[in-house]
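One structure is given below, encoded as structure tokens.
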Amino acid sequence: MLSMVLDIRRVMPRIGTRKLHHLLLPQLVKADIKLGRDGLFSYLKYRHLLIRPKRSYTKTTNSKHWMKKHPNLFADMKVERPEQALVSDITYVRSDEGVHYLSLVTDAYSRQIMGYELSHEMKAEDTVKALNRAVRARSYSGECIHHSDRGV
1 MLSMVLDIRR VMPRIGTRKL HHLLLPQLVK ADIKLGRDGL FSYLKYRHLL
51 IRPKRSYTKT TNSKHWMKKH PNLFADMKVE RPEQALVSDI TYVRSDEGVH
101 YLSLVTDAYS RQIMGYELSH EMKAEDTVKA LNRAVRARSY SGECIHHSDR
151 GV
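In UniProt numbering, the protein residues as written are 1 to 152.
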């Protein structure tokens, strides 16, 4: 049993229990071994052969920093017109080339993307570039606040 598991894991080192069980099933039937998925899971756990899941997200926010935190003007604000508040956020995009960071500035009223910047690294300069694009794209001249989740 152990050799069957290790043979498959040599070729596919990150294969999980369900898929491993599916691949082993013909060999188990041939060897007259009756073992369900949960039994295989227990066996792998006993042998310390379970695969730990990869972290499924990239952390983009750290709000517990030492830098000055500005008051949240957006919390109690009632957004009643376009471009009254621009909201910034950073998300990541996975591609064949690796992880890219997308800085977005969105109009809180219309949800329209006003500015963006895509880069290989998560830098403050990229958020500033996205904000500058958003400011240049504004159609209205009224007051506007910029809100972010204060992440660094």
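All residues carry an ideal CB built from backbone N, CA and C; glycine is no exception.
**Prompt:** alpha helix (DSSP H) containing residue 46: first to last residue?
**Reply:** Within the sequence shown, the letter at position 46 stands for residue 46. Element bounds for residue 46: 37-46.
**Message:** By alpha-carbon positions, which one of 5, 37, 30, 29 ends up nearest to residue 49?
**Reply:** Translated into the one-based positions of the sequence shown, residue 49 becomes position 49. Each of 5, 37, 30, 29 was checked against the Cα of residue 49, and the nearest Cα belongs to 5.
**Item:** the segment 118-126 touching the segment 137-144, judged by at least three CB pairs closer than 8 Å
**Value:** Contact check between the segment 118-126 and the segment 137-144: fewer than three CB pairs, one atom from each, fall below 8 Å, which does not count as touching.
**Request:** Helix, strand or coil for residue 8, going by three-state DSSP, please let me know.
**Result:** The residue given as residue 8 occupies position 8 in the sequence shown. Helix, per DSSP.
**Message:** Less than 8 Å between the beta carbons of residue 95 and residue 116, yes or no?
**Reply:** In the sequence shown, residue 95 corresponds to position 95, counting from 1. In the sequence shown, residue 116 corresponds to position 116, counting from 1. With respect to the 8 Å criterion, residue 95 and residue 116 are not classified as neighbours on the basis of their beta carbons.
**Request:** Would you decide whether residue 101 is buried or exposed? Buried here means 16 or more other CB atoms lie within 10 Å of its CB.
**Result:** Residue numbering aside, residue 101 sits at position 101 when the sequence shown is read from its first letter. Classification for residue 101: buried.
**Message:** Is it buried or exposed, residue 90, if we count other Cβ atoms within 10 angstroms and call 16 or more buried?
**Reply:** Taking the sequence shown and counting its residues from 1, one reaches residue 90 at position 90. Result: buried.
**Request:** State the start and end residues of the unbroken beta strand (DSSP E) segment that holds residue 99.
**Result:** Sequence index remark: in the sequence shown, residue 99 carries index 99 (1-based). Start and end: 98-107.
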